[in-house]
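Visitor:
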Amino acid sequence: MADRIPHQIQHMSELVEMSDVDCFDNLRMYRSSFNRLCYLLRHMGGLVDGRYVNVGEQEALFLSVLSHHSKVRVVKFSFKRSGHTIHTYFHNVLRAILKLHGSLLAKPSPVTNDYTYPSWKQFKGCLGALDGTLIDVHVPEIDKARYHTRKGTISVNVLAACDRGMRFIYMLAS
């Protein structure tokens, strides 16, 4: 166990402390965004340091799974942790992020009659705009037929709604 700790510290510094480019390539997030999310998860999401895994590493392994569609086996090798540890902390971070939904998703307010922009007055009672997009995904070979689109890509359809300030108020992935 003691021989793995220096490798774990070095791996975390390579992910987060080297440069914004390296952090973005590995976690799909810049260092400042990573640190802000870490702060939110700790103070608003209730995420706490584990006995051997701090909040930053928990967030990094969570983002590693999501951003690269990595399996637990791959993440446990790169982070030098057991599969059980990866699974446990992944779900802890997921629960903390779900607690943040009230802060991360805007609460919509309908357009009123006395709204200042005249172009919005015709949308009285409207909460925002609704649009859909296709997002490419990586799925197991057996499931590819379900995600195959008419344009030949493997993707999932995402429906999103934004309020007038362009903040997400609803998302649905199918």
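So the mapping is simple: the working numbering equals the position in the sequence shown, first residue as 1, plus 5. Beta carbons are placed, not taken as given, at the ideal position from N, Cα and C, and that holds for glycine.
#1: I need the straight-line Cα distance from Val161 to Arg155, nearest angstrom please.
#2: With contact counted as at least three CB pairs below 8 Å, one residue from each stretch, are the region 159 to 177 and the region 126 to 136 in contact?
#3: In three-state DSSP terms, what is Asp141?
#4: Roughly how many angstroms separate the alpha carbons of Phe39 and Val26, rounded to a whole number?
#5: State the DSSP-derived secondary structure class of Cys131, mapped to helix, strand or coil.
#6: According to DSSP, is His48 part of a helix, a strand, or is it coil?
#7: Tell me, please, which residues DSSP counts as bridged to Tyr244.
#8: Which of helix, strand or coil does DSSP assign to Asp136?
#9: Buried or exposed: where does Thr158 fall if 16 or more other Cβ atoms within 10 Å of its Cβ makes it buried?
#10: Is Ser72 near Leu99, with beta carbons less than 8 Å apart?
#11: Label Val70 either buried or exposed according to how many other C-beta atoms from any shown protein chain fall within 10 Å of its C-beta, with 16 as the threshold for buried.
#12: Indicate the three-state DSSP secondary structure (helix, strand or coil) for Val26 in the structure shown.
#13: Our contact map puts Pro113 next to Ile174 with C-beta atoms below 8 Å; I'd like the distance itself, whole angstroms only.
#14: How big is the Cα-Cα spacing for Tyr120 and Gly170?
Guide: Considering the structure as presented:
#1: 12 Å
#2: yes
#3: strand
#4: Rounded to the nearest angstrom, the gap between the Cα atoms of Phe39 and Val26 is 13 Å.
#5: coil
#6: helix
#7: Outside the modelled stretch of the chain, which goes from 6 to 179, sits residue 244, for which no answer is possible.
#8: strand
#9: exposed
#10: The answer is no: Cβ separation not under 8 Å.
#11: Sixteen is the threshold: when 16 or more other Cβ atoms of the shown chains lie within 10 Å of the Cβ of Val70, as they do, the residue is buried.
#12: helix
#13: 5 Å
#14: 14 Å
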